[in-house]
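Residue numbers (full-length UniProt numbering): 1 to 340. Everything on this sheet refers to the single structure shown next.
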Ligand SMILES: *Cc1c(COP(=O)(O)O)cnc(C)c1O
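Next up, the structure:
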């Protein structure tokens, strides 16, 4: 099987497995796991934030951010197709007790003027706006790199309104590699950032959230409440350290493979690439070829290729460490035969 469903399917390298085996560990709930402490310090340094915290998943990282920044009864502003709104089981409502105020973006970017206009007034009828969430790269837009200018503009208005900004940077390193802009630069226009070790960076488990020392201190309590306080978690942080140290620059290969896939698919009858392929995601509309997304995916599966539906006639392919350029060429050959 050539698995292009997600970059989450990457398996840990033998170096990562060895590091897990050899990891120095302690009880992380007591802040005594040296490997966790090392990972958190490295992540904070890379993002230019005071502190960082290892969490089991990106979803938990985002939810801890919402819980830490907000109180129940507030409203949060976020993009209408953002992961936090679309794919986290309404956790913001279930746990934080906040309601979403969604804004439809362009390529994942919310218009700063619309963000400003969506901030609530001081009025007993209205909820208070508690948080603005950004996402970079923006998954449902097809892994688009949200521009630094857009982040700067939203951050500037957030300062005027005294509202914190959280960045869901599950694939922030992809954005950075695609644009050449340091993750620190992106993170400078946020109060908190979540990024995933378990996607393109190839680690088996985990995400990191980063922010001020005070934010992380409060966040630790939320992580514990959510059951995310792990004990000798250095076992899983050790592969994460390798991910962060050695797997960032190679994301460029995934991006090249995605571009190769997109340009090949674009030339095939009935297939239309829907997104700007900035990073490692390709969205293909199969409508003109006469297939629903599910039909197309079933045909691909029979050929040994896995992808996921991203709408009634849209299929998402994601490139990653475990798929080579040769395999992308094989996939193109198979799809070409199918649509002919
Ligand atoms: C994958 C993803 C997450 C969540 O990460 P999990 O580790 O799967 O919980 C959050 N945001 C975005 C944009 C993602 O792509």
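Just so it is clear, CB atoms sit at the ideal spot from N, CA and C, and this is done for glycine as well. Predicted model, so just to flag it, every value in this text is computed and none were measured.
Under 8 Å Cβ to Cβ from residue 223, same chain only, skipping five residues before and after it: list those, please. Taking the chain shown and counting its residues from 1, one reaches residue 223 at position 223. Residues 53, 55, 60, 64, 229 of the same chain have their beta carbon placed closer than 8 Å to that of residue 223, with the five preceding and five following residues left out of the count.
Output yes or no for whether 8 Å exceeds the beta carbon distance between residue 197 and residue 243. Position 197 of the chain shown, counted from the start, is the residue given in the question as residue 197. Position 243 of the chain shown, counted from the start, is the residue given in the question as residue 243. Yes. Within cutoff.
How would you label residue 28, buried or exposed, when you count the other beta carbons within 10 angstroms and need 16 or more for buried? Against the chain shown, residue 28 aligns to sequence position 28. Burial call: buried.
In terms of DSSP beta bridges, what is residue 207 paired with? On the chain shown, residue 207 is found 207 positions in, with the first residue counted as 1. In the DSSP output, where bridge partners are listed per residue, residue 207 has 55, 196.
Beta strand (DSSP E) segment containing residue 255, residue limits: Here the question's residue 255 lines up with position 255 in the chain shown. Counting along the chain, residue 255 sits inside no beta strand (DSSP E); it lies in the alpha helix (DSSP H) bounded by residues 251-266.
Is there contact between the segment 161-175 and the segment 125-136, where contact requires at least three CB pairs shorter than 8 Å? Taking 8 Å as the limit for Cβ pairs, the verdict is that the segment 125-136 does touch the segment 161-175.
Entirely enclosed alpha helix (DSSP H) segments - the segment 90-123, minimum 4 residues: Here the runs fully enclosed are 112-118.
Beta-carbon gap between residue 131 and residue 69 smaller than 8 Å: Looking up residue 131 in the chain shown gives position 131. Looking up residue 69 in the chain shown gives position 69. Going by C-beta atoms, residue 131 is nearer than 8 Å to residue 69.
Starting from the C-beta of residue 164, find all residues in its chain whose C-beta is less than 6 Å away, skip the five residues before and the five after it, and write them out in chain order. Looking up residue 164 in the chain shown gives position 164. Closer than 6 Å at Cβ, skipping near neighbours: 69, 131, 191.
Pop quiz: residue 4 and residue 317 are said to be a contact at Cβ under 8 Å. What is the actual Cβ separation, rounded to whole angstroms? In the chain shown, residue 4 corresponds to position 4, counting from 1. In the chain shown, residue 317 corresponds to position 317, counting from 1. Taking the Cβ atoms as the reference, residue 4 lies roughly 4 Å from residue 317, within the contact range of under 8 Å.
Using a Cβ-Cβ cut-off of 6 Å (strictly less than) and excluding sequence neighbours within five positions of residue 20, which residues of its own chain qualify? Counting from one through the chain shown, the residue named residue 20 turns up at place 20. Counting only Cβ-Cβ distances below 6 Å, and skipping sequence neighbours, we find 235, 238, 239.
When every heavy atom of ligand 1 is checked, does at least one fall within less than 7 Å of the C-beta of residue 220? Along the chain shown, read from residue 1 onward, the residue named residue 220 stands at position 220. Taken from the Cβ of residue 220, every heavy atom of ligand 1 lies 7 Å or farther away.
Looking at residue 192 and ligand 1, is the gap between the Cβ and the nearest heavy atom below 7 Å? Counted from its first residue, the chain shown places residue 192 at position 192. Distances from the CB of residue 192 to the heavy atoms of ligand 1 are all 7 Å or more.
Could you tell me if residue 266 is buried or exposed, where buried requires 16 or more neighbouring beta carbons within 10 angstroms of its beta carbon? Counting from one through the chain shown, the residue named residue 266 turns up at place 266. When all chains shown are included, residue 266 counts as exposed.
Pair every Cβ in the segment 120-130 with every Cβ in the segment 151-158, then say whether three or more of these pairs are closer than 8 Å. Output reads no: the segment 151-158 does not touch the segment 120-130.
I want to know whether the segment 245-259 touches the segment 304-321 - three or more CB-CB distances under 8 Å. Three or more pairs of CB atoms, one per stretch, sit closer than 8 Å, so the segment 245-259 contacts the segment 304-321.
Measuring straight from C-alpha to C-alpha, what distance separates residue 219 and residue 233? In the chain shown, the residue the question calls residue 219 occupies position 219. In the chain shown, the residue the question calls residue 233 occupies position 233. Cα-Cα distance, rounded: 17 Å.
Quick one: does the C-beta of residue 200 sit closer than 7 Å to a heavy atom of ligand 1? Taking the first residue of the chain shown as position 1, residue 200 is located at position 200. No - ligand 1 has no heavy atom lying nearer than 7 Å to the Cβ of residue 200.
How about residue 303 and residue 334: do their beta carbons lie closer than 8 Å? Working through the chain shown from its first residue, we reach residue 303 at position 303. Working through the chain shown from its first residue, we reach residue 334 at position 334. Less than 8 Å separates the beta-carbon of residue 303 from that of residue 334.
Specify the secondary structure class of residue 270 as computed by DSSP and reduced to three states. Looking up residue 270 in the chain shown gives position 270. Coil.
Ends of the beta strand (DSSP E) at residue 284? Residue numbering aside, residue 284 sits at position 284 when the chain shown is read from its first letter. Residue 284 -> beta strand (DSSP E) spans 281-285.
Proximity to residue 71 [Cα-Cα], best of 58, 99, 87, 51: Walking along the chain shown from the start, residue 71 turns up at place 71. Relative to residue 71, the option among 58, 99, 87, 51 whose CA is nearest is 99.
Residues near residue 88 by beta carbon distance below 8 Å, same chain, minus five either side: Here residue 88 is taken as the residue at index 88 of the chain shown, counted from 1. So the qualifying residues of the chain are 59, 62, 63.
Which value, in whole angstroms, describes the spacing of the CA atoms of residue 300 and residue 331? As a working mapping, residue 300 is identified with position 300 in the chain shown. As a working mapping, residue 331 is identified with position 331 in the chain shown. Roughly 9 Å separates the two Cα atoms.
Within the present structure, is the beta-carbon of residue 83 separated from the nearest heavy atom of ligand 1 by less than 7 Å? Walking along the chain shown from the start, residue 83 turns up at place 83. Indeed, a heavy atom of ligand 1 lies less than 7 Å from the Cβ.
Close-in-space but distant-in-sequence residues of the same chain around residue 9 (CB under 6 Å, 5 per side omitted): The sequence position of residue 9 within the chain shown is 9, counting from 1. Excluding sequence neighbours, residue 9 sits near 3.
Within the continuous beta strand (DSSP E) that includes residue 27, where are the two ends? The residue given as residue 27 occupies position 27 in the chain shown. Taken as a continuous stretch (DSSP letters only), residue 27 belongs to no beta strand (DSSP E), as it is neither H nor E.
Taking 7 Å as the cut-off, is the CB of residue 62 close to at least one heavy atom of ligand 1? Position 62 of the chain shown holds residue 62. Residue 62 Cβ: within cutoff of ligand 1.
Compute the beta-carbon to beta-carbon distance between residue 277 and residue 284, rounded to the nearest angstrom, for a pair I have assumed lies under 8 Å. Here residue 277 refers to the residue found at position 277 of the chain shown. Here residue 284 refers to the residue found at position 284 of the chain shown. Not quite, the Cβ-Cβ distance comes to about 11 Å (not below 8 Å), so this is no contact.
Comparing alpha-carbon positions, which option in 185, 305, 269 lies nearest residue 47? Translated into positions along the chain shown, residue 47 becomes position 47. Ranked by Cα distance from residue 47, the options 185, 305, 269 are led by 185.
Which whole-angstrom value is the C-beta distance of residue 121 and residue 103, which I expect to be below 8 Å? Stepping through the chain shown from its first residue, residue 121 is reached at position 121. Stepping through the chain shown from its first residue, residue 103 is reached at position 103. Actually they do not touch by this definition, with Cβ atoms about 17 Å apart.
Do the segment 208-216 and the segment 38-45 make contact, defined as three or more Cβ pairs closer than 8 Å? The segment 208-216 and the segment 38-45 touch, with no fewer than 3 CB-CB distances between them shorter than 8 Å.
Within 10 Å of its beta-carbon, does residue 214 have 16 or more other beta-carbons around it, so buried, or fewer, so exposed? Numbered from its first residue, the chain shown carries residue 214 at position 214. Exposed.
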